[in-house]
Structure formats: C-alpha cells, structure tokens
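Following the numbering used here, the residues of the sequence shown are numbered contiguously, the last one being 319. Don't be surprised by glycine CBs; every beta carbon is placed ideally from N, CA and C. All values derive from a computational prediction rather than experimental measurement. Working notes, structure below.
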Amino acid sequence: MNYKRLGNSGLKITELTFGSALTIGTEIMDESCAAALVDKAWELGIRSFDVANSYGNGHAEILLGQCLKKYPREEYVLFTKGSLPIGPTPYHKGLSRKHILWAFNDSLKRLDTEYVDVYFAHRYDPEVTMEEIVRTFNMLIQSGRALYWGVSEWPYEALDECIQTCDKLGLERPVTEQFIYSFAVQKHVKSGYKDTCTKYGMGTMGFSPLCQGYLTGKYKNDIPSDSRIAKSDAIDYQKTKNFYPQNKDRIDGFLRICDKYNADYVAAALQWCLRHDICPVFGSSKISQIEKNVNALNETIPDELWAELSEIE
Numbered sequence: 007m008n009y010k011r012l013g014n015s016g017l018k019i020t021e022l023t024f025g026s027a028l029t030i031g032t033e034i035m036d037e038s039c040a041a042a043l044v045d046k047a048w049e050l051g052i053r054s055f056d057v058a059n060s061y062g063n064g065h066a067e068i069l070l071g072q073c074l075k076k077y078p079r080e081e082y083v084l085f086t087k088g089s090l091p092i093g094p095t096p097y098h099k100g101l102s103r104k105h106i107l108w109a110f111n112d113s114l115k116r117l118d119t120e121y122v123d124v125y126f127a128h129r130y131d132p133e134v135t136m137e138e139i140v141r142t143f144n145m146l147i148q149s150g151r152a153l154y155w156g157v158s159e160w161p162y163e164a165l166d167e168c169i170q171t172c173d174k175l176g177l178e179r180p181v182t183e184q185f186i187y188s189f190a191v192q193k194h195v196k197s198g199y200k201d202t203c204t205k206y207g208m209g210t211m212g213f214s215p216l217c218q219g220y221l222t223g224k225y226k227n228d229i230p231s232d233s234r235i236a237k238s239d240a241i242d243y244q245k246t247k248n249f250y251p252q253n254k255d256r257i258d259g260f261l262r263i264c265d266k267y268n269a270d271y272v273a274a275a276l277q278w279c280l281r282h283d284i285c286p287v288f289g290s291s292k293i294s295q296i297e298k299n300v301n302a303l304n305e306t307i308p309d310e311l312w313a314e315l316s317e318i319e
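Spelled out as structure tokens, the structure:
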C-alpha cells in the first residue's frame, strides 16, 4: 500500500482510506464483525480511517474506536467530522463554537482517543461567521487534540472565503476537502472546485468512489439480496437508488469500455480516482470487498481504456 501526502501538509495517508459512513455503526452493529473488517484493512496495509459523529448516530465512532484500540496510535491516521445534525435542538448541529467544541469532545470520548489527525467541518454553516469557524477549528489544533482540519462538500464561495480569512488572521488553513467523487459523479471536477482545492494546497479525498456499487458491475443484471440497494429502505438511504438514473450515461459507458478491454471494474474505478489525484474513501461490509479494493490497485489497466473513458461526457 502506497502513501500520499495530504495536500501541502506533512501528513501522509494511505492511497485507500477505510470509511464507515454506511457500514460500521449502520449496517454492522456487532463489534466482532466490525473488528474483522478493520483487521483485514490493517493486514492489507490500510492506515487511514474515516468516520463522523453523525454516522450511525455515534455508533460508528464507538465501534471504530474499539476496533482500532489494539493498534499503535502513532501508526494510523484517523479522521472524524462534525456539524451535521445529531440531535433535536439548534445546539446539536452547525459550526458555532458552542456546538463544535461539544461535538469534538464527544467524538474523542466515543473514539476513546486523545486526538484525531484531521477534524472536518462536515458541511458549511452559513449562519456562523467565517472568522468564528476558522478560529474554532484553530483552537482545536492549538490544543493538540486535532492535528489538522478539513472541510467536506463546501460551496466554492465558502471555501474561498475560508482561505482568505485564515490568511488574513494568520491561522491554519484546512488541509483537505472530502467530496463525493467517482468516474460517474464528476460535479466537483467539472465545476473547477477540485482545481481550486489544488490551488490552495489542499489534498482531495473522494467518498463513494464506486458510486454506491454501480461501478462494480454487480447491478448489471439483477439486484443482489445483500446489496446496498436491497437494504436501502432498512438503512434509510434512498440516495443509493437514485445514483443510476442520475448518472446512467457515465455508468453504462464505464462498464462498456471496461468490458471492451476486459478490465476489472473495481480496478478501473479506484485507479481513475488516484490518476486524478483524489484519494478514495471506500466502505465495505465484507472482507472480500476490502481484499478486492486493495488488490485492484495493482491491476494493469491499458492506456487506451483511460483515453476512451476521458471521452465520455
């Protein structure tokens, strides 16, 4: 497993990050099952782990923290996030100093760790001034309990204001932006947002790199009973069902070109992200999926395939 520097920061992460948005703490509530997944990821060289306080209503942080406890803390990178609603009142969401300090402390308790490597502002909050936001996240860095900070799915204008505010106040900029990205979902590239992140020296991470499984080919003929689409009602994640109609041309084109060159779907999907300097954050509910994703990085993909994929609008 190779390592990549996260933007202009000194932090290095593995090419693949193990995510837990829809698996640990949501689909998988049993510690032994979660531990088996984390152990396999570790065995295969993954040292970057992503979670958020909103995943599984906090259960994802608890389970991931328990699973990582046996590993040396200095040997892995841990991301978590705050700002999405986790309760019924105005104090349970957003980027106010009151909420972020409370949410961050709660995350550390659930993860049972003294610090996180990167703490993300999970979504932008227009009701809070940018100065309050950047000062609050810098407070966490100055306390030593967060080494860096990042943002996720922020609007372009907010990111630009954030960078300008940090520079004006002499404060630490966010080092990374984590957005939805796959061959099928390209909005952050086509809009120029990814280039803006690069201009500001930020590393880019992409969640849903397999487009909720559509780029693996498993939905070509039927919907497997144990798939995320089949489970989407149970886990209250209807977005999965909408990915195909919203991105049909790119999904179909991707599968067709991979078939033409007899290329592995997962290998092409993950390597596409890395070729565009976006580190994939993937979720897996099975050990076999983790093995498949890691092995995919070593598959040989012909240059002609990349050229043809680039021609799809």
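#### Entry: Exposure of T20, with buried meaning 16 or more beta-carbon neighbours within 10 Å
Buried: at least 16 other Cβ atoms inside 10 Å.
#### Entry: Residues near Y121 by beta carbon distance below 6 Å, same chain, minus five either side
R151, listed in sequence order.
### Query
Near V300, which residues of its chain fall below 6 Å by C-beta distance, leaving aside the five closest residues on each side in sequence?
Only L50 meet the Cβ criterion.
### Query
Unbroken alpha helix (DSSP H) runs of length 4 or more, entirely within the stretch 39–119: which are they?
Whole alpha helix (DSSP H) segments, 4+ residues: 65–74 and 103–117.
### Message
Which residue wins for smallest C-alpha separation from D45, given the options S294, E314 and S316?
### Response
For the residues S294, E314 and S316, the minimum Cα distance to D45 belongs to S294.
### The alpha helix (DSSP H) enclosing W155, as first and last residue numbers
W155: not part of any alpha helix (DSSP H); member of the beta strand (DSSP E) spanning A152 to S158, first to last residue.
#### Entry: F126 vs G88 beta-carbon contact at 9 Å
The criterion of a C-beta distance shorter than 9 Å is satisfied by F126 and G88.
#### Entry: Where Q184 falls: helix, strand or coil (DSSP)
In the structure shown, Q184 sits in a strand (DSSP, three-state: E or B).
### Query
Where do the N-terminal and C-terminal ends of the alpha helix (DSSP H) with K18 fall, by residue?
It is not in any alpha helix (DSSP H) - K18 instead sits in the beta strand (DSSP E) that spans K18 to T20.
### Task
Can you grab the Cα-Cα spacing for the pair P91 / S60, in whole Å?
Put simply, the backbone Cα of P91 is about 7 Å away from that of S60.
### Message
Which same chain residues end up closer than 6 Å to C264 when comparing Cβ atoms and leaving out the 5 residues on each side of it in sequence?
### Response
Only Y271 and A274 meet the Cβ criterion.
### Query
Y267 by DSSP, collapsed to three states: which one?
In the three-state reduction of the DSSP assignment, Y267 falls in the coil class.
### Message
Can you check which of these residues, P308, F288 and D56, is closest to G5 by C-alpha distance?
### Response
With the chain covering only 7 through 319, there is no way to say anything about residue 5.
#### Entry: Start and end residues, alpha helix (DSSP H) containing R141
R141 -> alpha helix (DSSP H) spans M136 to Q148.
### Message
Quick check on the DSSP output: the alpha helix (DSSP H) that includes Y162 runs from which residue to which?
### Response
Here the alpha helix (DSSP H) through Y162 covers Y162 to L175.
### Task
Output the distance between the C-alpha atoms of Y206 and N144, rounded to the nearest integer angstrom.
Y206 and N144: Cα-Cα distance of roughly 18 Å.
#### Entry: Residues of its chain near E167, where Cβ-Cβ distance is below 6 Å and the 5 sequence neighbours each way are ignored
Taken in chain order, the residues that qualify are M136.
### Query
Which residues in the same chain have their Cβ closer than 6 Å to the Cβ of R31, if we skip the five residues on either side of it in sequence?
According to the sequence displayed, residue 31 carries Gly and not Arg. Excluding residues within five positions, the ones whose Cβ falls inside 6 Å are Y61, G62, H65, A66 and L69.
#### Entry: Supposed close pair L221, I257 - CB separation, criterion 8 Å
By a beta-carbon distance limit of 8 Å, L221 contacts I257. Their separation comes to about 7 Å.
### From Y187, K292, K298 and T142, residue whose alpha carbon lies closest to that of P180
Among Y187, K292, K298 and T142, the Cα nearest to that of P180 belongs to T142.
### Query
Under 9 Å between the Cβ atoms of D123 and L84?
Annotated as proximal: D123 and L84, with beta-carbon spacing under 9 Å.
### Query
Since L117 and G71 are thought to touch, with beta carbons under 8 Å apart, how far apart are those beta carbons, to the nearest angstrom?
So it is a contact: roughly 4 Å between Cβ atoms.
### Nearest to N8 (by Cα), restricted to the options G259, S15 and L22
Measuring from the Cα of N8, the nearest candidate turns out to be L22.
### Task
Report the option in G13, L17, S54 and K115 whose CA atom is closest to the CA atom of G289.
Scanning G13, L17, S54 and K115 for the CA closest to the CA of G289 turns up S54.
### Query
Does the separation of the CB atoms of V195 and H282 fall below 9 Å?
Taking a C-beta distance under 9 Å as the contact criterion, V195 and H282 qualify as a contact pair.
### Query
Which value, in whole angstroms, describes the spacing of the CA atoms of C73 and E317?
The alpha-carbon separation between C73 and E317 amounts to approximately 43 Å.
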